[in-house]
Structure formats: structure tokens, C-alpha cells
Amino acid sequence: VILAGRRINDGMGKFIAEQTIKQMIAAGCAIKGAKVNVLGLTFKEDCADLRNSKVIDIIHELQTYGVEVIVTDPDADADEAVHEYGVRPVKWAELPKADAIVAAVAHKSYKALSAADLAAKVVAGGAFIDVKAAFDQKALEAVGLRVWRL
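For the sequence shown, my numbering assigns the number 4 to the initial residue and increments by one for each residue that follows.
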């Protein structure tokens, strides 16, 4: 049972990336060269610990599709993220308008954002992947986002 649970957990990053790609395709997005903003890199919410973070699995899997991944995390140390994973998080204000957002870690600062704030970082009709089911799905859909939740 423990090994089966570990296999499921180890495959979750790939699964989330695949679902992201499917949602982007359904929204009419060309995948190669598309941009995806990933919210959160740390191991858990409101914590600076990067060890054992599975978010990097999502990032790497998206990159295999030719997607440009931009990561933001207010709690992660940027130098440590580069050292551990080769990824430098940017500030929220530096995020581009992307084809999708993957809300991987539900930091309080992200949950405090309005649906309009989140939608401002995604193209019209873009995908919002809510890994932790932490955001108001109806509000996100009301601003035109295509929402998928784990």
C-alpha cells in the first residue's frame, strides 16, 4: 500500500502537467512556445522550504512539451531555487500574460488575489490549474478563465 501511494505521488507532477496541456489545447492554445506561469515552488504553503518540492516535476514535464515556464514564489529564496532546481523565481509584477497559470502552492498571498488579479496574468480564455482547489472556481470562471482542479 505504501509503495502504491508513493508511485501515485511520484507521478502527480506528470499528471498535472498533462492536464495543463489538455486544458490549454481545449482553449485553442498552440503548445510549443506557449507560456505557463507557475505560482509557488516551495514544499508547502507559506513556508520557504524548497526541499522535496514536487512542483519542479510539473515544471520539467511542461518543458518537455516546449512550454516556457515562468515561476513566482514570494517565500522561496531565489538563489536557493537556482542552486537546487535551476529555476529563478520572479516577482508577481514580473509575470507575463501567459496561456495558463498553474497554482501549485496555495500561499496566502496568492489566495488574497482577486479573480481579476489572477486573470490579468492569463490570456483571455486561458487555463487556470488549481492544484490545491484553493481558489474560487466560480469567480475565476466569471472572469473568463478555464478552470481545472485536482
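From the three backbone atoms N, C-alpha and C, an ideal C-beta is built for every residue, glycine too.
Computed from a prediction, not measured in an experiment: that's the story for all the values here.
Quick one: what does DSSP say residue i is sitting in, helix, strand or coil?
i	result
PHE131	strand
VAL125	strand
ALA200	Outside the modelled stretch of the chain, which goes from 4 to 153, sits residue 200, for which no answer is possible.
VAL93	strand
GLY16	helix
LEU65	helix
ALA51	coil
SER112	helix
ALA29	helix
VAL58	helix
To the nearest angstrom, how far is the alpha carbon of residue i from that of residue j?
i	j	result
VAL74	GLN140	22 Å
CYS50	ALA122	25 Å
ALA106	PRO99	15 Å
LYS94	LYS135	21 Å
ASP76	MET15	20 Å
GLY147	VAL126	9 Å
GLU71	GLY36	6 Å
GLU144	TYR68	26 Å
VAL90	LYS17	18 Å
GLU48	LYS111	7 Å
ALA81	CYS32	30 Å
ILE19	ILE61	7 Å
LYS124	LYS57	23 Å
Mark residue i as exposed unless 16 or more other C-beta atoms lie within 10 angstroms of its C-beta, in which case mark it buried.
i	result
GLN66	exposed
ILE28	exposed
LYS38	buried
GLU64	buried
GLN55	Going by the sequence as given, residue 55 is Asn instead of Gln. Exposed is the call here.
In terms of DSSP beta bridges, what is residue i paired with?
i	result
LEU42	THR75 and ALA106
ARG149	ALA130
ALA119	Beta-bridge pairing links ALA119 to no other residue.
ALA101	VAL125
Closer than 7 Å: is that where the CB of residue i sits relative to any heavy atom of the ligand MG?
i	result
GLY128	Of ligands this structure carries none, so the ligand MG is not represented either.
Taking the Cβ atom as the reference point for each residue, do residue i and residue j lie within a distance shorter than 8 Å?
i	j	result
ALA118	THR23	no
ALA84	LEU53	yes
ALA3	ALA109	What the structure shows of the chain is the stretch from 4 to 153, and residue 3 is not part of that stretch, so it cannot be assessed.
PRO92	ALA101	no
ALA30	ARG149	yes
ILE132	TYR88	no
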